[in-house]
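**Q** Quick one: this structure, given as structure tokens, is what I'll be asking you about.
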Ligand SMILES: Cc1ncc(COP(=O)(O)O)c(C=O)c1O
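In this note's numbering, the protein residues as written are 2 to 356.
Okay, structure coming up:
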């Protein structure tokens, strides 16, 4: 079976019974293409490695509160955003949860062991990730929570602010928890976040990840923001010392890196538009992404499987869409990399179209 996440290229080759080429480019993952932004001195990190971490996750907790201009009590740190989703399972056990698809598969994966009943809605159009507002209005009152990935993975589309606000307004009437996953919002800009609004509501939780922008998937660091009582209700399920000292120390440094963030956003915006133009010239349908990845569909959709194989044989690993509801294998997600890798992708596609 193909892996349910990107960033597992070896597993893809194994699952498909294909020989892995000597060199490959993993377009299935979508962390920052720039080099790691800090100069690490392992000696300097020894004190945080050899001591137990701060029980509240300092210094990262204060850094997050200061970065967003919120109170520390409104923040819950996580061992990656993934831990926040795992914790949510405890408060949503045996409840009914509305999930907007296509989306990140971990929402359902973390809720399923808690016997959550899923109500799934599909967007009206994948390329623009158009939210089915009428359906949402009808279904929100019957759900204990709704999960929305904003900007969305795998399309990269940021749903309109007014529509998210509208969903929050509907949800408040029935105390339905609105979970907004902003794991990729760094790529667009803090002016679009709901973090500053979330603490004003009883039932809005915004989830963030340090993984993508700051190139640190191996360190595991993320956080959630909501009002203090919502945060407390989730925090009691976290294990003690769940935020490791190295991640906390480096995370606090990362939030100071204004220039790195700006440079990443600027470079990706240029590459994304170059890629969009290229794909559209190839006749593809391309999602309206504002992030460091996008999804596309071939002009000849029926050849999707053969195309995936063709690219894998050349060492070009795309993210398949077989486990994204509504996409069902007919779309591909591509993470944006530096120019030489993007050229290798373009050459692969040209070779495909010329065979
Ligand atoms: C949309 C989305 N949310 C959350 C996560 C989890 O992030 P983290 O690495 O912080 O656990 C991912 C990881 O791929 C993701 O794509």
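Quick reminder that beta carbons are idealized off the backbone N, C-alpha and C, glycines included.
A quick note: this is a predicted structure, and the numbers were derived from the prediction, not measured.
Three or more C-beta pairs under 8 Å: does that hold for the stretch 159-168 against the stretch 79-94?
**A** no
**Q** With a Cβ-Cβ cutoff of 9 Å, do residue 220 and residue 184 count as a contact?
**A** For the 9 Å CB-CB criterion, residue 220 and residue 184 do not form a contact.
**Q** In terms of residues, what are the limits of the beta strand (DSSP E) holding residue 148?
**A** 146-150
**Q** The alpha helix (DSSP H) with residue 87 in it runs from where to where?
**A** Residue 87 -> alpha helix (DSSP H) spans 82-92.
**Q** So the beta strand (DSSP E) residue 298 belongs to, where does it begin and stop?
**A** Per DSSP, residue 298 belongs to the beta strand (DSSP E) from 294-298.
**Q** Whose C-alpha, out of 120, 148, 153, 119, is nearest the C-alpha of residue 129?
**A** Measuring from the Cα of residue 129, the nearest candidate turns out to be 153.
**Q** Going along the chain, which residues of its own chain have a beta-carbon closer than 8 Å to the beta-carbon of residue 193, five neighbours each way excluded?
**A** Shown here for residue 193: same chain residues with a beta carbon closer than 8 Å to its own, the five before and five after excluded, namely 159, 162, 186 in chain order.
**Q** First and last residue of the beta strand (DSSP E) that includes residue 335?
**A** 333-336
**Q** Taking the beta carbon of residue 378 as the centre, do at least 16 other beta carbons fall within 10 Å, making it buried, or is it exposed?
**A** Because residue 378 is not part of the residues shown, which for the chain are 2 to 356, the question remains open.
**Q** Grab the span of the alpha helix (DSSP H) containing residue 236 for me, first residue to last.
**A** 229-236
**Q** What residues are listed by DSSP as bridge partners for residue 311?
**A** In the DSSP output, where bridge partners are listed per residue, residue 311 has none listed.
**Q** Would you call the stretch 257-275 in contact with the stretch 188-202, where contact means no fewer than 3 C-beta pairs closer than 8 Å?
**A** yes
**Q** I'd like the list of long-range same chain contacts for residue 110, defined as Cβ closer than 8 Å, with 5 residues on each side in sequence excluded.
**A** 5
**Q** Considering Cα atoms alone, identify which of 108, 99, 106 is closest to residue 137.
**A** 99
**Q** Starting from the N-terminal end, write out each residue whose C-beta falls within a distance shorter than 6 Å of any non-hydrogen atom of ligand 1.
**A** 81, 82, 83, 105, 150, 154, 182, 184, 210, 212, 218, 223
**Q** To which residues does DSSP link residue 119 through a beta bridge?
**A** BP columns for residue 119 point to 98.
**Q** Find the nearest neighbour of residue 95 within the set 102, 63, 113, 347, judged by alpha-carbon distance.
**A** 113
**Q** Would a C-beta distance cut-off of 9 Å place residue 320 and residue 70 closer than the cut-off?
**A** no
**Q** On a Cα-Cα basis, can you pick out the residue from 251, 294, 346 that is closest to residue 37?
**A** Of all alpha-carbon atoms in 251, 294, 346, the one lying nearest the alpha-carbon of residue 37 is that of 251.
**Q** Quick check on residue 209: buried or exposed, where buried means 16 or more other Cβ atoms within 10 Å of its Cβ?
**A** buried
**Q** Give me, in chain order, the residues of the same chain whose beta-carbon lies closer than 6 Å to that of residue 284; leave out the 5 immediate sequence neighbours on both sides.
**A** 300
**Q** Does DSSP put residue 320 in a helix, in a strand, or in coil?
**A** strand
**Q** In angstroms, rounded to a whole number, what distance separates the CA positions of residue 347 and residue 126?
**A** Answer to the nearest angstrom: the Cα atoms are 26 Å apart.
**Q** Give the straight-line distance between the Cα atoms of residue 349 and residue 317, rounded to the nearest whole angstrom.
**A** So the alpha carbons of these two residues sit roughly 8 Å apart.
**Q** Among residues of its own chain, excluding the 5 on either side of residue 93, which ones have a beta-carbon nearer than 8 Å to its beta-carbon?
**A** 112, 115, 117, 145, 146, 178
**Q** Output yes or no for whether 9 Å exceeds the beta carbon distance between residue 31 and residue 246.
**A** no
**Q** Report the rounded CA-to-CA distance for residue 280 versus residue 297, giving the unit in angstroms.
**A** 8 Å
**Q** Output the distance between the C-alpha atoms of residue 124 and residue 305, rounded to the nearest integer angstrom.
**A** 22 Å
**Q** Looking only at DSSP bridge pairs, what is residue 26 linked to?
**A** Under DSSP, residue 26 shares a beta bridge with 317.
**Q** Based on DSSP bridge pairs, tell me the residues matched to residue 209.
**A** 224
**Q** Thinking just about the alpha-carbon of each residue, which of 72, 230, 312, 34 is nearest to the one in residue 213?
**A** Per the C-alpha coordinates, the member of 72, 230, 312, 34 positioned closest to residue 213 is 34.
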